[in-house]
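Residue numbers (the numbering used here), protein chains in the order written: chain D, 900 to 1248; chain X, 6 to 337.
Glycine included, every Cβ here is placed at the ideal spot set by N, Cα and C.
These figures come from a predicted structure and were not determined experimentally.
This report refers to the structure that appears directly beneath it.
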Amino acid sequence: MKRFNWKSGKKYAAVAAAAASIVLAATGCSTGGGNSSTSSGSTGGSSSAFQGSSSETYYMVTFLSGIEYWKGCFAGMQAAAKDLGVKAVFTGAPQYDINQEVTTMQQVIAKHPAGILVTSINAQAMTPVINQAIAAGIPVISFDSDAPQSKRYAYLGTSNIEAGQKAADYLGQALGGHGEVAVITTPGELNLDQRVQGFKDEMAAKYPGVKVVAVQNGNSDQIKTAQVTSALLQTYPNLAGIFCTEADEGTGAATAVQEAGKTGKVKIVSFDTDKATLNAIKSGQITATVAQGTWNMGFWGLMDLFAIHHNLVHPVANWQQSGVDPVPPEVDTGVTIVTKSNVNAYLQQ
Amino acid sequence: MQPVDTAPVNIDKERETWLRRVARIRELTIVLVIVALCIILSFMSSSFLSVDNIVTTILSIVMTAIVSVGMTVALVSGGFDLSVGSVMSMAGVVTGSLALNGVNIWLAAILGLLASLCSGLITGLFIGKVKINPFIMTLGMQGVVQGVAYVVTQGAPLSVTGVPKSFLYLGQGNLLGIPVLIWILAVVVVVSDFIMRRAVVARKVYYIGSNEAAAYLSGIRVSKVKVWIYIFTALLAGIAGILTLSRFSVAAPTAGQGMELQAIAACIIGGASLTGGEGTVLGALLGSVLVGIVNDALVLLNVSVYWQSLVTGFVLIAAVTLDVLTHRKKAN
């Protein structure tokens, strides 16, 4: 067949490379890379028990590692790391995949860190590998999504069910106790399913006049959610409220409602506090969002890990032998409903 | 090697009409299916045939349709482009992040399009000149370009505020009561359809798809045409990405996820064939509309979310089966 034409091929390649590098450089220069680890040199001469060393590394292991939500958690962990003079590293499985997260966890264990803060994609699947870490002498603490059967020292997080309940409380009240609402979620994701369950149960119990007319799949995607929302608005012309279990779905729903000219008439309650959601609350497109105590999960999680690693906590003598948990085993970091009245506090972060 | 220009003219016209005839038949079938569906759905829901709902349904498929127009060209040539979803996301985030850093939004949009064109150029070069299989190449590019989108955004959707209203008008404005996005789609479809039916290079694409060896032997520079094909596909994906940014004011790195399969499905429903040589821009639009109506119906009829992917998959299989059966009839 025809030999590869080097001359024109080279010309094309050069143009492609030049153009690509111009564009990448333009965006690279203007955005600046993110740093996912913090290290802080330990100040000499300090004899505080709460001073670690910069070689001491703690890992945060997540799933869907690219999403905005973990940023809040990691920000808290980094703040603690800075105060303690240790290093915090963010990692995780990029996709919603059990195998990926288990593998990532095993890779982290192999690095023998000072401690691991982990959120589990699936409690049963992650239990063996969490126990593996503890058996290797690495303290492990769960945050956000727990693996309650494992030997983790503590769990810091929000009950997803409670988060759904709080959303239902807010929306039910905002609608005056009657009206039609729809829920948009991504079925099959455990934490989202729990939010929906909490929402539906609370609504049925506290605000029986509010009917949940539909639960639709937004696929964690703005475009799909916008399509589903506009179809819902057509199907239920009296729709008064929408609960979105995920930030991207909230943005998509808000756009669809705006396109239908119903901003303000249809109250949207979304989830988490990414910039787009907060701006939408400010502009009135989204009525409220459920903010979780993510910063605290990261901050206190690392504090607990540090305390365990440095053997600073002695609620009983020899807790290791007696099997007593040295730190509070279940910590509820709480939820806040963010509305126009308090959105500025979150925006300033 | 002299391209034989005069001899193929008669065969040209014959094949053209023959191709056109089959394509027209396929499009007519789709139109009939759409009309039938609309009638059935209007009985099931009184609001279905309202102007509001029709506009809403078409608005919901604007992005898929724009990407499908590009995908059709790739399919006609016997290939396809799995990277369109990532290119869509990347164009949006490049534009958005530049705008957030003070670059004029229109310049940012041009740079975003330029980034898409680069992606298309690289894809086209490797498929056309280095002759890498389109599946592998575009799958690889999907990863690379998606990675670029993630790196630029550090994983988070960008809230692009403070953008001039003139830019937002594209994605959020109305002209004569119809969303500007639909007008833009109409322009894209009309222009692309015209190019695919009239331009000489378009004819070459059909030849390449029908019989690549014969096309090459008849003097068509197959590698060059292929480069242009994937540039076109990426360009349209980039346009869809920037329009998505304008519509939501948010540039999400995952904006186009899954778009490639939706576009391929829409094109095949609209008459394109995975083996190449067939497909029209109008077919791509009709296929997208059909997919949009089916998605709309799923919500309208309150079909449980767990059944929805089953239904969508079933519709695709039915469409592909129809495609294969008609193909067999043609061959006989």
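As assigned by DSSP and simplified to three states, the class of residue i
i: residue 934/D; result: Its pLDDT being 38, under 50, residue 934/D is placed unreliably by the model, and nothing is read from it.
i: residue 184/X; result: strand
i: residue 327/X; result: helix
i: residue 939/D; result: Residue confidence is low: residue 939/D scores 42 on pLDDT, short of 50, so the model does not pin down where it sits. No coordinate-derived value is stated.
i: residue 957/D; result: strand
i: residue 109/X; result: coil
i: residue 900/D; result: Residue placement at residue 900/D is poorly supported in this model, since its pLDDT is 45, which falls under 50; the coordinates still yield a value, given next. Three-state result, residue 900/D: coil.
i: residue 197/X; result: helix
i: residue 164/X; result: strand
i: residue 277/X; result: coil
i: residue 948/D; result: coil
i: residue 260/X; result: coil
i: residue 267/X; result: helix
i: residue 285/X; result: coil
i: residue 241/X; result: helix
i: residue 1030/D; result: helix
i: residue 216/X; result: coil
i: residue 208/X; result: helix
i: residue 14/X; result: Low confidence applies here, because residue 14/X scores a pLDDT of 47, under 50, leaving its location unreliable; read the following figure in that light. The answer is helix: DSSP assigns residue 14/X an H, G or I state.
i: residue 1173/D; result: coil
i: residue 35/X; result: helix
i: residue 1046/D; result: coil
i: residue 1242/D; result: helix
i: residue 928/D; result: Residue placement at residue 928/D is flagged as unreliable, the pLDDT there being 47, under the threshold of 50; a coordinate-derived value is accordingly withheld.
i: residue 248/X; result: helix
i: residue 322/X; result: helix
i: residue 293/X; result: helix
Strand pairing of residue i, partner residues [DSSP]
i: residue 1134/D; result: Paired residue(s): none; residue 1134/D is not in a bridge.
i: residue 1142/D; result: 1082/D, 1168/D
i: residue 1015/D; result: 958/D, 1039/D
i: residue 54/X; result: Residue 54/X is not bridged to any residue.
i: residue 179/X; result: 184/X
i: residue 1162/D; result: 1165/D
i: residue 1190/D; result: 1235/D
i: residue 255/X; result: 164/X
i: residue 891/D; result: What the structure shows of chain D is the stretch from 900 to 1248, and residue 891/D is not part of that stretch, so it cannot be assessed.
Partners in chain D for residue i, counting only beta-carbon separations shorter than 8 Å
i: residue 311/X; result: 1086
i: residue 68/X; result: 1122
i: residue 51/X; result: Simply none; closest approach about 10 Å.
i: residue 212/X; result: By Cβ distance, chain D contributes nothing, its closest Cβ being about 17 Å from residue 212/X, past 8 Å.
Within chain X, partners of residue i - CB distance below 9 Å
i: residue 1158/D; result: 61, 64, 177, 184, 252
i: residue 1150/D; result: 162, 164, 253, 254, 255, 257
i: residue 1130/D; result: 58, 61, 62, 65, 300, 301, 302, 303, 304, 305
i: residue 1093/D; result: Those do not exist, as residue 1093/D stays about 16 Å from chain X at its closest Cβ, beyond 9 Å.
Partner residues on chain D for residue i, Cβ-Cβ distance less than 7 Å
i: residue 262/X; result: 1120
i: residue 249/X; result: 1122
i: residue 58/X; result: 1133
Contacts that residue i makes with chain X (C-beta to C-beta distance below 8 Å)
i: residue 1243/D; result: In chain order: nothing, as chain X lies at least about 15 Å away.
i: residue 848/D; result: Here chain D covers residues 900 to 1248 and nothing more, so residue 848/D does not appear.
i: residue 1210/D; result: Neighbours of residue 1210/D on chain X: none; closest Cβ ~36 Å, over 8 Å.
i: residue 1114/D; result: 310
Residue i: CB within 7 Å of a non-hydrogen atom of the ligand FAD
i: residue 189/X; result: Ligands displayed in this structure: none; no statement on the ligand FAD is therefore possible.
Where residue i meets chain X, residues with beta-carbon distance less than 7 Å
i: residue 1099/D; result: Those within 7 Å of residue 1099/D in chain X number zero; the least Cβ separation is about 14 Å.
i: residue 1173/D; result: 161, 162
i: residue 1154/D; result: 252, 253
i: residue 987/D; result: Those do not exist, as residue 987/D stays about 16 Å from chain X at its closest Cβ, beyond 7 Å.
i: residue 1178/D; result: 164, 166
i: residue 1127/D; result: 304
Per-residue contacts from residue i into chain D (C-beta, under 9 Å)
i: residue 155/X; result: 965, 993
**Study point:** Against chain D: residues of the stretch 163-182 of chain X by CB proximity under 7 Å
**Key:** 164, 166
**Study point:** Under 7 Å (Cβ pairs) to chain X, residues found in the stretch 942-974 of chain D
**Key:** Answer set for the stretch 942-974 of chain D: 965, 966, 967, 970.
Review point. In the stretch 1202-1235 of chain D, which residue ranges form an unbroken alpha helix (DSSP H) of at least 4 residues, counting only runs that do not cross its ends?
Key: 1218-1221
Practice item. Mind listing, in chain order, the continuous alpha helix (DSSP H) runs of no fewer than 4 residues lying wholly within the stretch 1050-1121 of chain D? Key: 1059-1073, 1089-1105
Review point. Taking a cut of 7 Å between CB atoms, which residues from the stretch 287-321 of chain X lie near chain D?
Key: 300, 301, 304, 305, 307, 310, 311, 313
Review point. Taking the runs of the alpha helix (DSSP H) that are 4 residues or longer, which of them lie wholly in the stretch 78-135 of chain X?
Key: 89-105, 110-133
Practice item. Please list the residues of the stretch 88-109 of chain X that have a C-beta atom closer than 7 Å to any C-beta atom in chain D, keeping them in chain order. Key: Hits within the stretch, in order: 99, 102, 103, 106.
Check your understanding: Using a beta-carbon distance cut-off of less than 8 Å, what residues from the stretch 1134-1146 of chain D approach chain X?
Key -> 1134, 1136, 1146
Check your understanding: What residues from the stretch 189-201 of chain X come within 8 Å of chain D, judged by C-beta to C-beta, listed N to C?
Key -> none
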